[in-house]
Amino acid sequence: MMMTMMNPAMTDDMQMCMSACMDCMKTCMETMSYCLKMGGSYMEPMMMGMMRDCAEMCQTCMNMMMCGSEFIGSMCKLCSEVCLKCAECCSAMADDEMMMSCAAACQACADSCMKMCAA
């Protein structure tokens, strides 16, 4: 049930941003599960909290875009900030492919959200 395709106000940039948010949210959730399985330093509370916050922020941002909220610009700016912080946290484990994949998804989402702020 994709309401976004029926919304004439849905721009290409908005659809791309929603896709980036979905990918980031999914990647953060998968990476949190991975960290739980790995244990040890992967369970660092700040990093786990950032991934949780990032996933939640991406979900909220998508929801607001889908309903055409007047706060899309502000939400995208905040989402970008959270995603950048999460990318920074995940990048600290540069020797782990999964963590770097999460950092890349967060960075891509941050970039897409910033583009929405400028629109």
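Residue numbers for the sequence shown follow numbering that gives the first Met the number 0, beginning at 0 and rising by one. Yeah, the Cβ is synthetic: ideal placement off N, Cα and C, and Gly gets one too. Since this is a predicted model, take the numbers as computed values, not measurements.
To the nearest angstrom, how far is it from the Cα of residue i to the Cα of residue j?
i	j	result
Thr26	Ala86	11 Å
Gly39	Glu96	17 Å
Ser18	Tyr41	27 Å
Met15	Met50	21 Å
Asp94	Cys105	17 Å
For residue i, count the other beta carbons within 10 Å of its own beta carbon; 16 or more makes it buried, fewer makes it exposed. Which is it?
i	result
Ala107	buried
Cys66	exposed
Met92	buried
Ser79	buried
Met45	exposed
Thr10	exposed
Ser32	exposed
Helix or strand or just coil, what does DSSP make of residue i?
i	result
Ala19	helix
Thr26	helix
Ser79	helix
Identify, in the order they occur along the chain, each residue of the same chain with its Cβ nearer than 7 Å to the Cβ of residue i, setting aside the five sequence neighbours on each side.
i	result
Met24	Ala54, Cys57 and Gln58
Using C-beta distances below 6 Å, list every residue in its chain close to residue i, excluding the 5 sequence neighbours before and after it, in chain order.
i	result
Ser90	Ala102
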